[in-house]
Amino acid sequence: MTATPATTRSQNGRDAKQAPRAPWSGLHSSRIRYRFKVPVMDFFLQWLLGGQTHGATEVGESWYAAGLIKDGDPQSWVRSWEGLAERVEARGRASLAAGHLVSARESLLRAYSYHRAPLAFLSPLKEPEQVKARYARARACFRDACKLFDPPIEEVTIPFEGKALPGYFLSSGPGNAPRKTLLMIGGGDTFVEDLYGYIGPAALKRGYNMLMVDLPQQGILPFDGLLARADYETPVGAVVDHLLSRADVDPHRIAMFGISGGGYMAPRAAMYEKRISALVALSMLLDVYEVWTTSMGADKLAKAEDRGLLRILEKLPVKRVRTGLTLFDVYKWKYGVTTLGELLEFAKTCTVDPSRIECPTLILVGQQEYEEYAESRRWQDESLAKIRNDNKRIVVLPRNEGADSHAAGTNVSLVAQVVFDWLDELFDHPEPAEAERLSTSTSR
Numbered sequence: 026m027t028a029t030p031a032t033t034r035s036q037n038g039r040d041a042k043q044a045p046r047a048p049w050s051g052l053h054s055s056r057i058r059y060r061f062k063v064p065v066m067d068f069f070l071q072w073l074l075g076g077q078t079h080g081a082t083e084v085g086e087s088w089y090a091a092g093l094i095k096d097g098d099p100q101s102w103v104r105s106w107e108g109l110a111e112r113v114e115a116r117g118r119a120s121l122a123a124g125h126l127v128s129a130r131e132s133l134l135r136a137y138s139y140h141r142a143p144l145a146f147l148s149p150l151k152e153p154e155q156v157k158a159r160y161a162r163a164r165a166c167f168r169d170a171c172k173l174f175d176p177p178i179e180e181v182t183i184p185f186e187g188k189a190l191p192g193y194f195l196s197s198g199p200g201n202a203p204r205k206t207l208l209m210i211g212g213g214d215t216f217v218e219d220l221y222g223y224i225g226p227a228a229l230k231r232g233y234n235m236l237m238v239d240l241p242q243q244g245i246l247p248f249d250g251l252l253a254r255a256d257y258e259t260p261v262g263a264v265v266d267h268l269l270s271r272a273d274v275d276p277h278r279i280a281m282f283g284i285s286g287g288g289y290m291a292p293r294a295a296m297y298e299k300r301i302s303a304l305v306a307l308s309m310l311l312d313v314y315e316v317w318t319t320s321m322g323a324d325k326l327a328k329a330e331d332r333g334l335l336r337i338l339e340k341l342p343v344k345r346v347r348t349g350l351t352l353f354d355v356y357k358w359k360y361g362v363t364t365l366g367e368l369l370e371f372a373k374t375c376t377v378d379p380s381r382i383e384c385p386t387l388i389l390v391g392q393q394e395y396e397e398y399a400e401s402r403r404w405q406d407e408s409l410a411k412i413r414n415d416n417k418r419i420v421v422l423p424r425n426e427g428a429d430s431h432a433a434g435t436n437v438s439l440v441a442q443v444v445f446d447w448l449d450e451l452f453d454h455p456e457p458a459e460a461e462r463l464s465t466s467t468s469r
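In the numbering used here, the protein residues as written are 26 to 469.
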């Protein structure tokens, strides 16, 4: 079946022209605006609101905080979420002290998200101690909530190159019977705890264990010297070693799912790591350099940086500019470089050859990315053609179900439905399927 191309529509239903892209917006920009005119800020708000599905946020709390934020002002973003985090955590701590464990767990999960939200616009280069302190506060809330689940969510540390990759193991049932397991990989902007609110409860309800883990460059691992790298098969190999050491993991039913930047990390690992039974990517990212140049405009900003123009831009009273430049600070830190030129040189080494992937593969991609970003559409189609397994499929996540933007954080229920229905068919009825290109919706 071939997906029918959809017409780009504005919110009022009329044909919409593609909006010009700010250099730092790129894929962090949705055609459907919730609150802010600055695309990156609205993108992160949309992700926070999407967390309500699995109890990671509450819509009333989130909208209240968003209402206090000045569009494009990162300082007001930080202040508003910090204030909400303090209130929600205090309520959770009070419930915990009084023995109301479910209420405490729910409040502390949300407090994690609100303490973590300011990190989107704090620079680890300019404000490292504030970033560390804010994340430590968020992580403490999450870990305290983990203890209140039944069974508790298990904190794990996976040895890697003399250091450790932090993660959490969610068991889908009692005992050590081997079960289907999802290895969940986030993106360049995520912290490992974020992945619970993205898909954790959905996995458990369907009988899957889930291991979520930070790989080098993710979370705060760059502070430990675990920086971005090309060979993600190496750290993923260590993670798979951990999974296979567990009696409650079925070694023949391990799926790996990568979102956003994980759409590079997971397919790259699958090229070499043959112990993975299935791959899911939202979406396939075959060339990191091309993302930075075509979608993010980093090559243009690198030239401006070489000429000293970025130092001038940083001093301008244009808040949306400073918001974007903070995003590039974050990635310089993650890559361990001092200039965008160095970042781009390293990015040239980060590529995926889909012809080396042999496991069953599900490719998901938002309608916006598939239709409006030529490089993304080319990557998804090339992957479908070259992956060396008959069980491979593209699913285009549609705008008319609110799931078309980057990594579909605005409809995680739909993501879970598509992913786990496919995995169930694969793991429970492992018949090879004809390569398909599908849409989750036939109406546009």
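Every residue, glycine too, gets a C-beta built ideally from N, C-alpha and C.
Where residue i falls, given that 16 or more other Cβ within 10 Å makes a residue buried
i	result
V238	buried
R413	exposed
V84	exposed
A298	Note on identity: in this sequence residue 298 is Glu, with Ala being the wrong assignment. Burial call: buried.
N416	buried
E179	exposed
G92	exposed
K151	exposed
Y356	buried
W49	Only weak support exists for where W49 lies, its pLDDT of 47 falling under 50; the coordinates are left without a value.
K188	exposed
V377	buried
Short Cβ contact (8 Å threshold) for residue i with residue j
i	j	result
Y233	S197	yes
K157	F248	yes
L368	D324	no
R141	A170	no
M281	L304	yes
Q392	D429	yes
V103	A136	no
A294	V261	yes
D275	K230	no
D330	L365	Note that residue 330 is Glu in the sequence shown, not Asp. Cβ atoms of E330 and L365: closer than 8 Å.
C384	I284	no
F216	Y160	yes
L350	W447	no
Strand pairing of residue i, partner residues [DSSP]
i	result
N234	T206
P184	A189
I388	A306, I419
E179	F194
M66	In DSSP, M66 forms no bridge with anything.
M281	L208, L304
V274	R204
D312	T376
Supposed close pair residue i, residue j - CB separation, criterion 8 Å
i	j	result
A81	I183	About 24 Å separates the two Cβ atoms, so there is no contact after all.
D219	G211	6 Å
C166	L133	5 Å
L240	L190	7 Å
G97	M66	6 Å
S380	V390	Not confirmed; about 19 Å, so no contact.
**Request:** Mind the definition here: the segment 399-410 touches the segment 307-325 only if three or more C-beta pairs lie below 8 Å; say whether that holds.
**Result:** yes
**Prompt:** Any chance the segment 257-275 sits against the segment 419-436, with 3 or more Cβ pairs inside 8 Å?
**Reply:** no
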